[in-house]
Structures are given as C-alpha cells and as structure tokens.
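**Q** The sequence shown begins at 1 in my numbering and counts up one residue at a time.
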Amino acid sequence: HNRVMFPIIDLRGNVIAFGGRVLGKEEPKYLNTSDTPVFSKGRNLFALNFAKDAADKSLILCEGYMDVIALHQAGFPNAVAGLGTALTPEQARLIAHYTKEVITSYDADEAGQKAASRSIPLLREAGLLVHILVVPDGKDPDEFIRSHGENGHARFQQLLDSCGNDVEYQLAKLKSSISLQTPEGKIRYLHAAAEVLAGLENDLERDVYAGKLAEEANVQRGSVIQQVNSIRKKKGHFQKKKEFRNFRRQVTGAQSKVNPEKQQNLRAARAEEILLGAMIDYPENSAYIIANLDPKMFITAFNRRVYAKIVGKMKDDKVGNLTDLSGSLTAEEMGVIAGYCARHSGKPTGKQEIDSCIRILVEENEKQNLRASSAEEIQHDYLQKLREIKK
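1. With a threshold of 7 Å on Cβ separation, who are the neighbours of residue 86 within its own chain once the five nearest residues in sequence on each side are excluded?
2. Quick one, are the C-beta atoms of residue 105 and residue 63 less than 9 Å apart?
3. Less than 6 Å between C-beta atoms, sequence neighbours within five positions excluded: which residues of the same chain meet that for residue 29?
4. Using 8 Å as the cut-off, can you tell me whether the segment 33–43 makes contact with the segment 5–22, which would need three or more C-beta pairs spanning the two stretches below that distance?
5. Return the residue from the list 125, 180, 359, 61 that minimises the CA-CA distance to residue 294.
6. Return the bridge partner residues of residue 101 from the DSSP annotation.
7. If distances are taken between C-alpha atoms only, which option among 330, 299, 279 comes closest to residue 313?
8. My output table needs one value for residue 59: the three-state DSSP class, helix, strand or coil.
9. Alpha carbons only, please: which of 102, 53, 139 is nearest the one belonging to residue 122?
10. Taking the continuous alpha helix (DSSP H) assigned at residue 50, which residues delimit it?
11. With a threshold of 16 other CB atoms inside 10 Å of the CB of residue 158, please say whether the residue is buried or exposed.
12. Could you pull the DSSP bridge partners for residue 31 from this structure?
13. Return the chain-ordered list of same chain residues with a C-beta closer than 8 Å to the C-beta of residue 223, the five sequence neighbours on each side being excluded.
14. On the three-state DSSP scale, how would you describe residue 74?
15. For a quick check, are the C-beta atoms of residue 141 and residue 74 less than 9 Å apart?
16. In whole angstroms, what is the alpha-carbon distance linking residue 197 and residue 125?
17. DSSP has residue 36 in a bridge; who is on the other side?
18. Go ahead and pull the three-state DSSP assignment for residue 228.
19. Just how far apart, CA to CA, sit residue 178 and residue 227?
20. Does DSSP put residue 3 in a helix, in a strand, or in coil?
21. Could you tell me the distance, in whole angstroms, from the CA atom of residue 207 to the CA atom of residue 187?
22. State the beta-bridge partners of residue 165 as determined by DSSP.
23. DSSP state of residue 108, grouped into three classes?
24. Rounded to the nearest angstrom, what separates residue 112 and residue 234 at their Cα positions?
25. Quick one: what's got a C-beta closer than 8 Å to residue 128's C-beta in the same chain, skipping five residues either side?
26. Give me the Cα-Cα distance between residue 200 and residue 58, rounded to the nearest whole angstrom.
27. Assuming residue 300 and residue 272 are in contact, meaning their beta carbons sit under 8 Å apart, how far apart are those beta carbons, in whole angstroms?
28. Locate the beta strand (DSSP E) running through residue 395, then write down its first and last residues.
29. Buried or exposed for residue 349, please, with buried defined as at least 16 other CB atoms from any protein chain shown within 10 angstroms of its CB.
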C-alpha cells in the first residue's frame, strides 16, 4: 500500500512488529501493528535494541521513526522513539533501566511541545533527569543537522550539551506566554511557576528554583516558598482523597465478590457491617449484641457466617478480633472485614447506634417475611384458580 515499513525489534534482536509510514498523502500517515499477547506498543521503544549499548550517558527520546534513523545516521546512536502513542509509564521505566538521563527531542510544533510537557512527569516519576531539547527555527533534528553540512554533528552536539532541564523549560514556556510588565502579569506568572515548583519532590531542588524565581521577579524568596508549600499542601490533600476513592473502589469490588448479596440488601448489609466492626474493634460490645441479635437475623450469608465465627470465638473465651478470625477466612474476606473495622478507628460505636442497627435488621427481616408470605399467597391463589379451570 505504498508505505515504508520499519521493523520493531525487541531487546533480544527479534522482529516483533512493524510500523508503516505512507509515502503519499493518504491517511493514516503512520500505521502500526496492533497490540498482541506478545507485543504492546506501550511497553516497547523503537531502536532501543541499538541505543541501549550507547546509553551510558543519556538517551534521546524522539517523536518518530524518521527522527531516530536520521540521528543514528548522523552519529547519535542513543536515540529512541515511542511507537505512535503517547509516552507510557512502562516506557519511562524502560528508559530508566538503561540510563539516568533522558533528553526529549520532540517536534517544535504545538503537538510536539504538548507531548514533551506530558512526558515530563512520567520521566521524572521513573527517577530520570530530564532535559528538553528545543531545536532553533522550529526545525526537526534531521533538518537542523543537514542545514549545517559537515558541521551538523558538532552543532547538534552543542545543542544537546546546552539544553535546559525540564524545570527551566517549563518556566521559560510560562514566561514567554505571560507578560511580566504589569503587576497582574507578574502575579499570574509567579502563581503558575509556583505550581511547577510544587511538583518537585526534592526539597533542595525546590529551594534553589524558588530563589531563582524570587530574584527574577524581584519578590521575597519566603513569599515564593510559602506559595509553593501552600500548593503542595492542597495537592497532598487532593491526592489523599484520590487514593481513598481508589481504595474504596477496590474495597467495593472485593465486597461484591465476597458478599454478593450486599447490593440487593444494602440497608441490612450496612447495619451488619457496623455491628461486626463494633464487635471486632471493641469486644466489650459483643456480649450486648449477642444477647440481642440471633444469627438468623443477618440477611447476607457472608456477614452471618462472620457473626457466627465471632460468637464461636467468644464461647471459646477468645476475643474474636481480626487475628482470631484470620485462620478461618481468606485474605480477600479478611480485607473486606478490615474495611468494616476501618470505619470505627478511634471512634467507639455507642449503644444507640448498635440498637439502631439491630432494629434495622429486625425491620428488614419482617419485610422479607412479608414478601415471602405474599409470594406464597399469590402462588396459592394461582394454583387454586388452576384447579378450578381443570374442573
């Protein structure tokens, strides 16, 4: 179909896929092998099989196959590229396996610069030192090298040696897009720059750039640090909330497997969970609950089984805590029960809440009995009519 084909070679030298670039103006411009059980675009890098042997100082991360080939031909064998998708965490970790420093060399257009910005947190998270190459006059690396003839290699090497790191790149981008000539512009720039610094995990690195930023904007260094710390505090709060939401989703997923009846009996299941958590975390509640709640009153089978186990442990003069239960439950079931207990951490369940939960179970049992009776009556009426028809 009139395409140039690029073999994708793994680290053992095996061809595992192909990338194709159209020679005309047809779409799509690039077409890659689809993911298979043995090949994933997000877990491989073009030309890493060659570049890994030249990665002692750094790897150059390019946008496309042609850029990599051009750089290898020009004497830069440490160039690699993604496989037609945005950079993934797996690819960033793959780079970090072979080097401590990476230089991104994306196109100078808007799409290329956005890709460079998106790659920064992933590369940093992988523990890499990140430098951003910006080729003058919007040229790509191949054009720049060819435009300087026999000096192309030396001139491109100078660019590599002098390119700024990711923080300097982000601050320079902000500075070019915001006017510092007005107080409002300066405040906008400082706030946006503080957001960048707040993303740095290294205290010393934050401190150094806060000093530079304060000097550049002619403000107190303490003010910059205060703003950065304020942003970090908010981000930390949101991150904790996000982690809690993820944990809750995981627990909910586990609960649906461990206690599949919960979704059909939410009110009763929640009351059961509160009672079980109260007994495990605060065993002094157990005697009262056992005296007032028959195991048959539990609606869901899983919670009824756990309740019976706690009652059994109490009869054997054991407390019935999580440790006592661990021998008779699976790890997944223990994880769900630990979730019940987490709700009570540091906050004992009072008698009023216990009575309320017992009352809920009594009500839910009555509802179930009523539904069962109604169903029996309907069935009885139906059979009676059927007999009359047969007569």
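Note that beta-carbon positions come from the ideal geometry of N, C-alpha and C, so glycine has one too.
**A** In brief:
1. 115, 118
2. yes
3. 22
4. yes
5. 359
6. 129
7. 279
8. strand
9. 102
10. 48–51
11. exposed
12. 20
13. 214
14. coil
15. yes
16. 15 Å
17. 39
18. helix
19. 19 Å
20. strand
21. 19 Å
22. 131
23. coil
24. 30 Å
25. 92, 95, 96, 99, 100, 101, 102
26. 21 Å
27. 6 Å
28. Residue 395 lies beyond the residue range present for the chain, which begins at 1 and ends at 391; the question has no answer from this structure.
29. buried
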